[in-house]
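Colleague: In the numbering used here, the protein residues as written are 18 to 234.
Where a beta carbon is used, it is the ideal one built from N, C-alpha and C, also for glycine.
After the structure tokens below, expect a handful of questions from me.
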Amino acid sequence: MTLTRPHRLSLWIKIPYTLWVIVLIPVWVHYQGWNNFLWFSDIAFLATCLALWLESRLLASMTAVGILLPDLAWTLHFLADLIVDTGLLEQSGYMFNEQIPLFVRGLSLFHAVVPPLLVWMVYRLGYDGRGLAAQTLLAWLVLPACYFFTDPAESINFVSGFGEPPRPPIPQPWWLIAESILLPVGIYLPTHLLLARWFGRPACRVAGADGNETPVK
């Protein structure tokens, strides 16, 4: 008798999310260009789709480590700006730019969807402690790529600083080096510690026919 591993993540989530990705990619390329996919949030959006289908603990964990706090900040700022123009962060300001088609702006709401989805995925799959190192390595590859190979005016992942035109808080290349340290220490590490505390277990959860979840080693 052949035993097959039961799916831990539902097709009812995998398929709609994948359709979102399929629609977003050509729209982003048309309106934003390929460089836009170097943003950590866009990388996380695509990586989440891959993690869903592979049901990969490591991929889900590293993506959660890298994007939970930034996308939470994006979502809170967006919600605040629905009520009052806060002017606190640059991240979600484009959502209120009427020169950008509403449909295009609507696709960007993945920022609000990805964090709870990743938390659910890590809950179902378990947290892989290697996520911190993997996400840090990814950041150390992406940040120099953004700095050396993209237009400084775009300031992708804020490698050129903040504002319009972007200005780094300290002279380059020290800002790039500082950002490469601040992200792992200030964002990734706290998220890693929380996820490891809440979901750091070797077992995954599988929904049985009776609807109850059973831990599986």
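(1) Thinking just about the alpha-carbon of each residue, which of Q189, D59, A129 is nearest to the one in A90?
(2) Hey, would you say the C-beta of L155 is under 7 Å away from at least one heavy atom of the ligand COA?
(3) Which value, in whole angstroms, describes the spacing of the CA atoms of P190 and H209?
(4) Does the segment 133–143 come within contact of the segment 58–74, defined as at least 3 CB pairs closer than 8 Å?
(5) So, does the segment 154–169 touch the segment 90–100, judging by three or more C-beta pairs under 8 Å?
(6) According to DSSP, is R184 part of a helix, a strand, or is it coil?
(7) Would you tell me roughly how many angstroms separate the C-alpha atoms of A61 and L211, rounded to the nearest one?
(8) Below 7 Å CB to CB, which residues in the same chain sit around A195 once its five sequence neighbours on both sides are set aside?
(9) Using the rule of at least 16 other Cβ atoms within 10 Å of the residue's Cβ for burial, across every protein chain shown, is G225 buried or exposed?
(10) Am I right that S58 and P33 are in contact with their C-beta atoms under 8 Å? What's the rounded C-beta distance?
(11) Tell whether a beta-carbon distance below 8 Å holds between V38 and L55.
(12) Taking the C-alpha atoms as reference points, what is the distance between C163 and I84?
(13) What span of residues does the alpha helix (DSSP H) with G146 cover, start to end?
(14) Do R74 and L142 have their C-beta atoms closer together than 8 Å?
Modeller: If we stick to the structure as given:
(1) Answer by Cα proximity: A129.
(2) This structure lacks the ligand COA, and indeed carries no ligand of any kind.
(3) Using only the alpha carbons, I get a separation of about 27 Å.
(4) With a cut-off of 8 Å, the segment 58–74 and the segment 133–143 count as touching, because enough Cβ pairs lie within range.
(5) Taking a contact to require three or more Cβ pairs closer than 8 Å, the segment 154–169 and the segment 90–100 do not qualify as touching.
(6) R184 sits in a strand when the DSSP states are folded into three classes.
(7) Rounded to the nearest angstrom, the two C-alpha atoms are 19 Å apart.
(8) These residues qualify, in order along the chain: I187.
(9) Residue placement at G225 cannot be trusted, given a pLDDT of 43 that sits under 50; what the coordinates show is reported in the next sentence. Exposed: under 16 other Cβ atoms inside 10 Å.
(10) 19 Å between Cβ atoms; not a contact.
(11) Taking 8 Å as the cut-off, the beta carbon of V38 is found no closer than this to the beta carbon of L55.
(12) Each residue's alpha carbon lies about 17 Å from the other.
(13) For G146, there is no enclosing alpha helix (DSSP H), as DSSP marks it with neither H nor E.
(14) Pairing R74 with L142 gives a Cβ-Cβ distance under 8 Å.
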